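Asker: Heads up, the sequence shown is in our numbering, so the first residue is 246 and it goes up one at a time. Here it is: the structure, laid out below.
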Amino acid sequence: MRSLATACIILGLTVSASAQSPTTRIRGEVEKAEGDTLMIKMVDGASAKVSLASGYAVGGVVKATTADIKKGGFIGVGARPQPDGSLLAVQVFIFPEAMRGTGEGHRPWGVLPDSTMTNATVSETVSRVDGANVVLTYPGGEQKVAITPDANIIMAAPAQPSELVAGAQVAMTATKQADGSFSANRVTIAKSGAQLPY
């Protein structure tokens, strides 16, 4: 059950964002944590003050590799279309088995410009020295994806609120408040060695 809850935190990374209220993707390092308020130095150098909503959830991601992508597994791939019609993976999230089928399909990915998100079953894998090719199948279609060493490959891991300390690498989708600060109800922590999710 814990892995299911953890993966739910990551769900925003693998499903196209279409929320009605304006939201902002915040990624960066916690500079200061006081109670349920985080001061975050974002990857673009800006600072953000984030208030965590009552009952907020925390999940983690750990670094994975192409060896962790198994035939028959269910993954979410954020990618950029290539001229030949294939996709070049930017980020790969390996779902726990309990979340198989979540957000299944192929759609635009609002996190990065000109990108797509495909949540699907790995029907074929071909590994090579510099990465891997996978074929993803979902109801009504399939996509061929190239995964190079540059892709951010991650999987869900448990995390605790106590890990939200100075130096923690975090990502979240937050709502901007009237005073310029932000509010969030979920936080993802990139564990040691893992890149921040987009």
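Heads up, the beta-carbon is just placed ideally off N, CA and C, and yes, glycines get one too. Keep in mind it's a predicted model, so treat the numbers as computed, not measured.
1. What first and last residue would you give for the beta strand (DSSP E) that runs through Val371?
2. Identify whether Arg342 lies in helix, strand or coil by the three-state DSSP scheme.
3. Taking 8 Å as the limit between beta carbons, can you name the residues of its chain near Thr393, skipping five residues before and five after?
4. For Gly425 and Lys286, what's the separation of their Cα atoms in angstroms?
5. What does Asn378 pair with, by DSSP beta-bridge criteria?
6. Where are the beta strand (DSSP E) runs, 3 residues long or more, that stay fully inside the stretch 309 to 344, in chain order?
7. Excluding the 5 residues preceding and the 5 following Ala439 in the sequence, name in chain order all residues of the same chain whose CB lies nearer than 6 Å to its CB.
8. Identify which residue in Glu279, Leu297, Gly290 has its Cα closest to the Cα of Met417.
9. Using C-beta distances below 6 Å, list every residue in its chain close to Tyr383, excluding the 5 sequence neighbours before and after it, in chain order.
10. Tell me, please, which residues DSSP counts as bridged to Leu297.
11. So if DSSP puts Ser407 in a beta bridge, which residue, or which two residues, is it bridged to?
12. Contact defined as beta carbons within less than 8 Å: I believe Ala429 pairs with Val295. What is the distance between those atoms, to the nearest angstrom?
Answerer: By the coordinates alone:
1. 361 to 373
2. In the sequence under discussion, the amino acid at residue 342 is Glu, which differs from the Arg named in the question. Here Glu342 sits in helix by DSSP.
3. Leu333, Ala334, Asp375, Gly376
4. 15 Å
5. Val371, Ala391
6. 319 to 326, 332 to 339
7. Val306, Val307, Lys308, Ile399
8. Leu297
9. Glu349, Gly350, Ala365
10. Ala429
11. According to DSSP, which records beta bridges pairwise, Ser407 is partnered with nothing at all.
12. 5 Å
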